[in-house]
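Residue numbers (our numbering): 51 to 615.
Beta carbons: idealized from backbone N, C-alpha and C, even for Gly.
All remarks here apply to the structure that follows.
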């Protein structure tokens, strides 16, 4: 039986993987996708974090350095790097998806299959790249898989879980709060058990052994990261740059309380129908908590919650365009399941996937300006746990009512409805959506050169891209190694082998604020002053202001500006 189940999973997973690899070729590598590569690219040039790069997401760039180094070494350049990153990202996702299935199948086969497929079918915003968004999710899921491990090599795997979690912290620094909560919980439980003269079981996720080896993994990662950072820049220069790093116009400082209110507001009323559905769910949750005999009414709570969840899933799917949005609704089920279940493993999965995933969604909301889309994206970690919990809980219900065939069919139908709907919605959105484009059908033109090589894009995108490449070739007429691009097109820095002379490829617009940040940047790092400045701005005013501030001369201004000293 196990052989047949694994064979069926292999078939389903293979079909999904073929679809994902096929999808890699469609859609241009937009400014976000290109930007994710500029940070590791400049690190390979010898730049340092915090001093030379000022974008708030920069720490995640350390994780993609190995990929960029291998690709540029073998390829002798960056041609086709967008497609290569998409393929590599899909490979990483598939690897983690298989690990997830192998680790969870012993608890519930159907739940493990669905959890694995839900995981691989999701990528933030449909952007197939290793970004701070996607890597945070992947590493959190991988950490959850490893921390649940048992057997002879479990200590080694706990260290691995700590390493993965530390990697996730690089993607979202506020995740440190999750580690603090975990540590406090382990400490408090240990103290309480000693007072009661009880012993924390070795297989408990709250055992001191797991915490020690998990912490060891985080400490190893922190030391390696610190050594790398300080090998590129002094602590003094890092501290001087810090105020400018935080001076990001797209991420102004907001209090934790204000963000919490915003978080609750968005999760409660993300769509027009969400408030009414969530009101029913919250009222039912309150009744469930107050119901001393709630475990005798498991079926009633489950049926009502499942129906409300399906309605919420349709609401998010119909009213929010991005795939991110459909990763929130199903998570409501987990709160009821953890209150109603008597199965220890369900609670372990809740604490290893669902709770960290929900906390991660709040942590990401603290750092992001994408509101509900960021919240839903990070909650995809919780989806893995919810789907597993749902499968295991339904099994628990069926064992309790094995005499009633009608009840069994109704409950199993609801389980299949939730699983199939979640997978269908994700697959549909993953197929149809191309970031910043209208549809898949418009992606008809093949890119034949540069970093976008191998991709199918719209005729308009291809025309604009090829014209931009021709314009960039004009820079080669001038002497210099350091280039600043006054443009929103972050991919310019990957197109030519020049040293990056900017605080970030993501300038947050070319305006007085960004020019003032550039001035502060060059005062801190005068060696970064560009030899050549290329601008493709519609406004000549900003170019003139740059010339005035930095004393450059305009060499060309036919549709774009080239400036030199």
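Original post:
Who does residue 397 pair with in a DSSP beta bridge?
Top reply: On the chain shown, position 347 is the one that residue 397 refers to. None, per the DSSP bridge assignment.
**OP:** Consult DSSP for residue 343 and reduce its assignment to one of helix, strand or coil.
**Re:** Stepping through the chain shown from its first residue, residue 343 is reached at position 293. Three-state DSSP puts residue 343 in coil, outside helix and strand.
Original post:
If you check the beta carbons only, do residue 415 and residue 309 fall under 8 Å apart?
Top reply: What you label residue 415 is simply residue 365 of the chain shown in a count that begins at 1. What you label residue 309 is simply residue 259 of the chain shown in a count that begins at 1. Cβ atoms of residue 415 and residue 309: closer than 8 Å.
Original post:
Since residue 605 is in the beta strand (DSSP E), which residue starts that stretch and which ends it?
Top reply: Looking up residue 605 in the chain shown gives position 555. Unbroken beta strand (DSSP E) run through residue 605: 603-606.
Original post:
Does DSSP classify residue 103 as helix, strand or coil?
Top reply: The residue labelled residue 103 in the question sits at position 53 within the chain shown. Strand, per DSSP.
**OP:** Could you name the residues that DSSP lists as bridge partners for residue 532?
**Re:** Taking the chain shown and counting its residues from 1, one reaches residue 532 at position 482. Answer is 549.
Original post:
Between which two residues does the alpha helix (DSSP H) containing residue 140 stretch?
Top reply: Here residue 140 refers to the residue found at position 90 of the chain shown. Residues 131-154.
Subject >> Inter-residue Cα distance where the pair is residue 255 and residue 289 >> reply: Counting from one through the chain shown, the residue named residue 255 turns up at place 205. Counting from one through the chain shown, the residue named residue 289 turns up at place 239. Approximately 38 Å between the Cα atoms of the pair.
**OP:** Given a cut-off of 8 Å, decide if residue 77 and residue 487 are closer than it, judged by their beta-carbon atoms.
**Re:** Position 437 of the chain shown, counted from the start, is the residue given in the question as residue 487. Position 27 of the chain shown, counted from the start, is the residue given in the question as residue 77. Yes. Within cutoff.
Original post:
If you draw a straight line from the C-alpha of residue 177 to the C-alpha of residue 491, how long is it?
Top reply: As a first step, residue 177 is located in the chain shown; it is residue number 127 there, counting from the start. As a first step, residue 491 is located in the chain shown; it is residue number 441 there, counting from the start. Their backbone Cα atoms lie some 17 Å apart in a straight line.
**OP:** Could you tell me if residue 172 is buried or exposed, where buried requires 16 or more neighbouring beta carbons within 10 angstroms of its beta carbon?
**Re:** Here residue 172 refers to the residue found at position 122 when the chain shown is read from its first residue. Flag for residue 172 reads buried.
Original post:
How would you write the range of the beta strand (DSSP E) that residue 583 sits in, first residue to last?
Top reply: In the chain shown, the residue the question calls residue 583 occupies position 533. 582-585 is the extent of the beta strand (DSSP E) around residue 583.
**OP:** Verify whether the separation of the beta carbon atoms of residue 146 and residue 188 is less than 8 Å.
**Re:** Your numbering for residue 146 matches position 96 in the chain shown. Your numbering for residue 188 matches position 138 in the chain shown. For residue 146 and residue 188, yes; Cβs fall inside 8 Å.
Subject >> Among 71, 522, 548 and 228, the one whose alpha carbon lies nearest that of residue 190 >> reply: Against the chain shown, residue 190 aligns to sequence position 140. Considering only alpha carbons, the answer is 228.
**OP:** Would you list the residues sitting across from residue 612 in a DSSP beta bridge?
**Re:** For the purposes of this step, residue 612 is taken as the residue at position 562 of the chain shown. Note: residue 612 sits in a beta bridge opposite 584 and 606.
Subject >> N- and C-terminal bounds of the alpha helix (DSSP H) containing residue 217 >> reply: Counting from 1 along the chain shown, the entry for residue 217 is found at position 167. Looking at the DSSP string, the run of the alpha helix (DSSP H) that includes residue 217 is 204-221.
Original post:
For the 8 Å Cβ check, are there 3 or more pairs between the stretch 193-206 and the stretch 445-464?
Top reply: no
**OP:** Could you tell me whether the stretch 107-122 touches the stretch 562-580, where touching means 3 or more Cβ pairs closer than 8 Å?
**Re:** no
Subject >> Nearest candidate by alpha-carbon position, reference residue 356, set 235, 463 and 300 >> reply: Start at 1 with the first residue of the chain shown, and residue 356 comes out as number 306. Looking at the Cα atoms, 463 is the closest of the given residues.
**OP:** Report the option in 489, 100 and 381 whose CA atom is closest to the CA atom of residue 165.
**Re:** For this step, residue 165 is matched to residue 115 along the chain shown. It is 381 whose Cα lies nearest to the Cα of residue 165.
**OP:** Would you identify the three-state DSSP class for residue 485, choosing helix, strand or coil?
**Re:** Taking the chain shown and counting its residues from 1, one reaches residue 485 at position 435. Reduced to three states, the DSSP call for residue 485 is coil.
**OP:** Use the C-beta contact count for residue 537: other C-beta atoms within 10 angstroms, 16 or more gives buried, fewer gives exposed.
**Re:** Here residue 537 is taken as the residue at index 487 of the chain shown, counted from 1. Per the 10 Å Cβ criterion, buried.
Original post:
What's the C-alpha gap between residue 264 and residue 385?
Top reply: What you label residue 264 is simply residue 214 of the chain shown in a count that begins at 1. What you label residue 385 is simply residue 335 of the chain shown in a count that begins at 1. Near 26 Å, if we compare the C-alpha coordinates of residue 385 and residue 264.
Subject >> Burial state of residue 286, where buried means 16 or more other Cβ atoms lie within 10 Å >> reply: Counting from one through the chain shown, the residue named residue 286 turns up at place 236. Looking at its Cβ environment, which holds fewer than 16 other Cβ atoms inside 10 Å, residue 286 is exposed.
Subject >> Unbroken alpha helix (DSSP H) run spanning residue 294, endpoints >> reply: Start at 1 with the first residue of the chain shown, and residue 294 comes out as number 244. Counting along the chain, the alpha helix (DSSP H) containing residue 294 begins and ends at 285-295.
**OP:** Below 7 Å CB to CB, which residues in the same chain sit around residue 249 once its five sequence neighbours on both sides are set aside?
**Re:** Sequence index remark: in the chain shown, residue 249 carries index 199 (1-based). Only 243 meet the Cβ criterion.
Original post:
How about residue 435 and residue 413: do their beta carbons lie closer than 8 Å?
Top reply: Sequence index remark: in the chain shown, residue 435 carries index 385 (1-based). Sequence index remark: in the chain shown, residue 413 carries index 363 (1-based). Result no, Cβ atoms of residue 435 and residue 413 do not sit closer than 8 Å.
Original post:
Given a threshold of 16 other Cβ atoms within 10 Å of its Cβ, counted over all protein chains shown, does residue 89 qualify as buried or as exposed?
Top reply: The count along the chain shown starts at 1 and reaches residue 89 at position 39. Classification for residue 89: buried.
Subject >> Through-space distance from residue 136 to residue 181, alpha-carbon basis >> reply: Counted from its first residue, the chain shown places residue 181 at position 131. Counted from its first residue, the chain shown places residue 136 at position 86. Going by the C-alpha atoms only, they are around 11 Å apart.
Subject >> Local conformation of residue 434 per DSSP, three classes >> reply: The sequence position of residue 434 within the chain shown is 384, counting from 1. In the structure shown, residue 434 sits in a helix (DSSP, three-state: H, G or I).
Original post:
Taking the C-alpha atoms as reference points, what is the distance between residue 140 and residue 346?
Top reply: Taking the chain shown and counting its residues from 1, one reaches residue 140 at position 90. Taking the chain shown and counting its residues from 1, one reaches residue 346 at position 296. In a straight line, the C-alpha of residue 140 is about 44 Å away from that of residue 346.
Original post:
Secondary structure at residue 542, three-state DSSP: helix, strand or coil?
Top reply: One-based indexing of the chain shown puts residue 542 at position 492. In the structure shown, residue 542 sits in a helix (DSSP, three-state: H, G or I).
**OP:** Could you tell me whether the Cβ of residue 326 comes closer than 8 Å to any Cβ of chain B?
**Re:** Considering every chain present, this structure includes no chain B. It has just one protein chain.
**OP:** With DSSP as the reference, please indicate the residues paired to residue 76 in a beta bridge.
**Re:** Here residue 76 refers to the residue found at position 26 when the chain shown is read from its first residue. BP columns for residue 76 point to 506.
Original post:
Where do the N-terminal and C-terminal ends of the alpha helix (DSSP H) with residue 301 fall, by residue?
Top reply: For the purposes of this step, residue 301 is identified with residue 251 of the chain shown, where counting begins at 1. Taken as a continuous stretch (DSSP letters only), residue 301 belongs to no alpha helix (DSSP H), as it is neither H nor E.
**OP:** Put residue 495 into one of helix, strand or coil per three-state DSSP.
**Re:** Counting from 1 along the chain shown, the entry for residue 495 is found at position 445. In this structure, residue 495 counts as strand in the three-state DSSP scheme.
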